[in-house]
């Protein structure tokens, strides 16, 4: 039927529908009960998310204090904070205490927090960008690249010549997978998220094979060193390393947070992203580049720490949903908290022995994660 | 793509560009447009001018490039030759971001890998607006009401049914109030009631808001009834005919394009054509993917043949729906045969 200017005169359109359409078109700002309820519900959701974030921060601060206090020399909880406060204000009263707390014990905790933040943010972004729940710094080849770099440094003896060689080589090699994914994606056929993650897994196997070959030829001492690096630990990090980690992780995470709204769009599919005004291809390259840098900066100092990157986003999604604007900061803080808690447990579970943080995380986090997934009423999956 | 271009693109990610694509009435012109993935074009030499508001239904068999056509229109696919202009500007020069302010696109709905709540999913559609959060929320609220999904607002998108996904996708397309709305099979997963409701709604929006609404549809009767214009596509990726529903949805066109025998009757209330489908055409070996034109030619040459049988079948179908008097004659016929 012909176009009719006035919908009320169109016999095809029912009267009630005319009213519905007119209500939609009207630009009135008047509130009705339904809208107020929607706003109320939404604000409640936001409050719940804020509560989750605040809880993470709180647990992180308390655990960090406890982690510093814990050690061969017993220092009370209060003394710990007093010493840290005195150090910050430049009013050091007890130099011995200051040395133990600030120089010996703090770096691993600070590194744990930064590392946890970095890896968790990378996990969220990689999963959303590649639209794959299995994406993390491990499955995109970043960790294996770093592992290979460190192995080269150790087995070829560079690590002995220069104490930073391991970190530098690990950093360079861990950038390789992301870089090659980005270069490859200039070809149209290789630009889909599925191809990208498959490519990362392919690279992971190649790097692991090379690493294994190098390990087969190496001396027992080197082998032990490589192995220790591979399980990942916060013990080797000292204050000199932390500025490097900070300089990459924090600005990177902030840029990603600014892009989080656009990441939401990208996560709904390429066609949709284009229709909503985002070039999915360029956006993906930018985000993968950032995550590549962040994860490289963390992994090259700490060694391969699995689990945080993969599982933190999933756990946080269960609590606060998949909206990246909130998921990114919440995951960052949850990841930081998780690292500190796991490191503390690793040092305290078995007397006189230290379990690597990655191992502890897998032991405690694995079953918890499975329980969260299988429990009744899980809405995230 | 050079590094320089890439840098430019990244800048636009952060910076809002003030330039508005167009003002005034909407106009989309496709001129000699072709698109193909390899050598073989999916659509070829498409010429369409859409410059009047209204509901445009795109119909045609599977694989003729209906989705490709609408994706070329809003630059989701980059055309291989020809040109698409939106209010006089070539899409090649306009950024996705500017097109997005003007054209809303509703894809064939699929569930997302990580699903947000319905409210947040629709809120994503507002991402090009610099409005306050409250006015965005109001827009989302209105769109949800328009599609009757207000009660789903805090549900997780992943938990919904296919039909509900569809409604959310339409709401997301409408939330930014585009001047042009393009929908890929918006009624695909809906029940009959909502198929009618959504199509009626799209017609009403086109008329009331003076929007151009383009939708792909597989329902010829719904298109014939509600569309202001029907665009019929045919193999191999060409436009068969554009025009008023009664001119496009004809017995000849449906048989030629779809390869299905049919009968067209006039609706008493609205005067729109109603298609009654008969048998699908195939050759003697039972191949269904044969050029319908060839079969029609053969039938004409043979004079009788399959055509006659089909018209009998059609007769029976139409008798079935033409009220009781015919039914009675059908019964009488049956009894006469029994005697």
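Protein chains in written order, with the working numbering: chain A, 1 to 381; chain B, 1001 to 1339. In this text, a Cβ means the ideal position worked out from N, Cα and C, and glycines have one as well.
### Query
Is the distance from the Cβ of residue 171 of chain A to the Cβ of residue 300 of chain A below 8 Å?
yes
#### Entry: Pairwise C-alpha distance: residue 1223 of chain B and residue 15 of chain A
21 Å
### Query
From the beta carbon of residue 77 of chain A, is the nearest beta carbon of chain B less than 8 Å away?
no
### Task
Flag residue 1072 of chain B as yes if its beta-carbon sits less than 8 Å from any beta-carbon of chain A, otherwise no.
No, no contact with chain A.
### Task
Please go through the same chain and pick out, in chain order, the residues whose beta-carbon is closer than 7 Å to the beta-carbon of residue 1321 of chain B, but skip the five residues on each side of it.
In this prediction, residue 1321 of chain B scores a pLDDT of 44, lower than 50, which makes its location untrustworthy; no coordinate-derived value is stated.
### Query
Near residue 223 of chain A, what residues of its chain come up, given a Cβ to Cβ distance below 8 Å and the 5 sequence neighbours on each side ignored?
215
### Message
Just to confirm my understanding: we take residue 5 of chain A, look at its own chain, exclude 5 residues before and 5 after, and list those with CB closer than 6 Å. What are they?
### Response
none
### Query
Between residue 85 of chain A and residue 1132 of chain B, what straight-line distance do the alpha-carbon atoms span, to the nearest angstrom?
41 Å
### Message
With distance defined between alpha-carbon atoms, name the residue in A/318, A/140, A/54 and A/79 nearest to residue 123 of chain A.
### Response
A/140
### Query
Candidates B/1160, B/1210, B/1144 and B/1235: which alpha carbon is nearest residue 1198 of chain B's?
B/1144
### Query
Can you list, in chain order, the stretches of the alpha helix (DSSP H) that have 4 or more residues and sit fully within the segment 26–77 of chain A?
33–69
### Query
Exposed or buried, which one is residue 60 of chain A when buried takes at least 16 other CB atoms within 10 Å?
buried
### Query
What are the residues of the segment 5–25 of chain A that lie near chain B, defined by any Cβ-Cβ distance shorter than 9 Å?
5, 6, 7, 10, 11, 12, 13, 14, 17, 18, 20, 21, 22, 23, 24 and 25
### Query
For residue 1253 of chain B, which residues of its own chain have a beta-carbon under 8 Å away from its beta-carbon, when the five flanking residues on both sides are left out?
1232, 1240 and 1241
### Task
Quick one: using the 10 Å Cβ neighbour count with 16 as the cut-off for buried, is residue 1209 of chain B buried or exposed?
buried
### Task
With DSSP collapsed to three states, give me the class of residue 1309 of chain B.
Low confidence applies to residue 1309 of chain B: its pLDDT is 45, below 50, so where it sits in the model is not reliable enough to give any reading.
### Task
Would you mind stating whether residue 1184 of chain B and residue 1070 of chain B have Cβ atoms separated by less than 8 Å?
yes
### Query
Apart from the five residues just before and just after residue 213 of chain A, which ones in its own chain have a Cβ nearer than 6 Å to its Cβ?
none
#### Entry: Chain-order list of residues whose beta-carbon lies under 7 Å from that of residue 237 of chain A (same chain, five-residue window excluded)
Excluding residues within five positions, the ones whose Cβ falls inside 7 Å are 107, 108, 111, 301 and 302.
### Query
Who are the neighbours of residue 1107 of chain B on chain A, taking C-beta pairs under 8 Å?
269, 271, 272 and 275
### Message
Taking only three categories from DSSP, how would you classify residue 1316 of chain B?
### Response
Because the pLDDT at residue 1316 of chain B is just 46, under 50, the model does not fix this residue reliably, and the point stays unresolved.
### Interface residues of the segment 1062–1092 of chain B facing chain A [CB-CB below 8 Å]
Residues passing the 8 Å Cβ filter: 1071, 1074, 1075 and 1076.
### Query
Between the C-alpha atoms of residue 1118 of chain B and residue 187 of chain A, what's the straight-line distance to the nearest angstrom?
Near 35 Å, if we compare the C-alpha coordinates of residue 187 of chain A and residue 1118 of chain B.
### Message
Between the segment 270–281 of chain A and the segment 1097–1116 of chain B, can you find at least three pairs of beta-carbon atoms closer than 8 Å?
### Response
yes
### Query
Taking the beta strand (DSSP E) that residue 1044 of chain B falls in, what are its first and last residues?
Residues 1041–1050.
### Exposure of residue 205 of chain A, with buried meaning 16 or more beta-carbon neighbours within 10 Å
exposed
#### Entry: For residue 1241 of chain B: DSSP bridge partner residues
B/1232
### Message
Let me see if you follow: with CB-CB separation under 8 Å, is residue 48 of chain A close to chain B or not?
### Response
no
### Query
Taking Cβ positions, are residue 264 of chain A and residue 325 of chain A nearer each other than 8 Å?
A contact, by the Cβ cut-off of 8 Å.
### Message
I'd like the span of the alpha helix (DSSP H) that includes residue 1060 of chain B, first residue to last.
### Response
Unbroken run through residue 1060 of chain B: none, as it is neither H nor E.
### Under 9 Å by beta carbon: chain B residues contacting residue 318 of chain A
Under the 9 Å cutoff, chain B gives no residues; its nearest Cβ is about 11 Å from residue 318 of chain A.
### Query
Could you check where the beta strand (DSSP E) with residue 394 of chain A kicks off and where it finishes?
This structure cannot settle anything about residue 394 of chain A, because the visible part of chain A is limited to 1 through 381.
### Query
CA-CA distance, residue 54 of chain A and residue 337 of chain A?
11 Å
### Query
Along chain B, which residues have their Cβ under 9 Å away from the Cβ of residue 226 of chain A?
Near residue 226 of chain A there are no residues of chain B at all, since even the closest Cβ is about 36 Å away, more than 9 Å.
### Query
With a cut-off of 8 Å, does the C-beta of residue 1128 of chain B fall near any C-beta of chain A?
yes
### Task
Indicate whether residue 287 of chain A and residue 193 of chain A have their beta-carbon atoms separated by less than 8 Å.
no
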